Amino acid sequence: MAHKRVNPADVTLRPWALSDAEALMRLGDDRDIWLNLRDRFPHPFTAPAADLWLAEHINDHDVMNWSQKSFAIWWRDELTGGVLLKRRENVHRICADLTFWVGRPFWGRGIARAAVRAATAYAFDILLGLERIQTFVFDWTAESTGVSEGPGYTEAARVLENAGYMLEGRLRHYALKGGQYGDALLYARLRSASPPSTVRARPR
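So, in structure tokens, the structure goes:
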């Protein structure tokens with residue numbers, strides 16, 4: 305069943321708070337979400353795991369010497385998911401890795417699309433020294449694994465392309481989750497192509 309698309313202006317990025325633990329655990333305890341994120345996102349997502357994860361994702365105020373910025377995605381008054389910008393090091397410090405997820409009850413409503421556009425605009429407008437944002441879309445389909453069925457083109461890829469990210473290549477057998485190898489599609493966006501956004505971010 306198709307869901308009604310949300311108004312992007314109703315999507316807000318807010319810093320995580322310890323009080324988000326219960327909602328985070330409820331949304332995050334989903335194998336399909338875990339399968340498409342790095343292993344630091346736990347499964348099962350228990351109460352202790354939620355507390356530990358939140359403690360590691362509380363932002364500082366520094367926009368110059370920052371290492372990561374993590375936000376909860378809110379739609380109106382509901383927590384719906386999360387987005388993370390993690391800065392690379394050394395000569396790659398001008399680049400950040402983007403990770404995002406939305407809880408199952410909110411799939412198909414355009415929330416991820418609005419959040420990615422907002423996070424991209426925030427990163428290039430506020431965070432200093434950043435020239436490039438990149439992200440990996442895991443592909444667990446037959447094209448990459450020879451196991452399951454389905455298209456190699458995913459909803460996450462559509463979200464990124466809508467936000468102006470470009471596909472730069474396919475990395476074969478780049479990930480291992482649940483005992484299965486998967487490819488990764490590398491998407492990136494440069495500062496010079498940063499999209500406008502009407503979505504609000506509330507960095508603290």
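The number in this note's numbering is simply the position in the sequence shown, starting from 1, with 304 added.
In this text, a Cβ means the ideal position worked out from N, Cα and C, and glycines have one as well.
What you are looking at is a predicted structure, and each value in this text was computed from that prediction instead of being measured.
Would you list the residues sitting across from residue i in a DSSP beta bridge?
i: W405; result: G386
i: S374; result: L388
i: Y485; result: L480
i: T439; result: Y491
Please classify residue i: does DSSP put it in a helix, a strand, or coil?
i: T424; result: helix
i: P319; result: strand
i: L331; result: helix
i: R493; result: strand
i: F410; result: helix
i: E459; result: helix
Taking Cβ positions, are residue i and residue j nearer each other than 7 Å?
i: L328; j: A354; result: yes
i: A567; j: E472; result: The chain is shown only over 305 to 508; residue 567 falls outside these bounds and no answer can be derived.
i: V367; j: F375; result: no
i: L402; j: T439; result: yes
i: F443; j: G486; result: Reading off the sequence shown, one finds Asp at residue 443, where the question assumed Phe. Yes; because the gap between Cβ atoms is below 7 Å, this pair is in contact.
i: F428; j: R495; result: yes
i: P312; j: A418; result: yes
Tell me the rounded alpha-carbon separation between residue i and residue j.
i: I437; j: A460; result: 15 Å
Assuming residue i and residue j make a contact with CB atoms under 8 Å, what is their CB distance in whole Å?
i: G385; j: G407; result: 5 Å
i: L317; j: L383; result: The Cβ separation is near 11 Å, so there is no contact.
i: L431; j: W370; result: 6 Å
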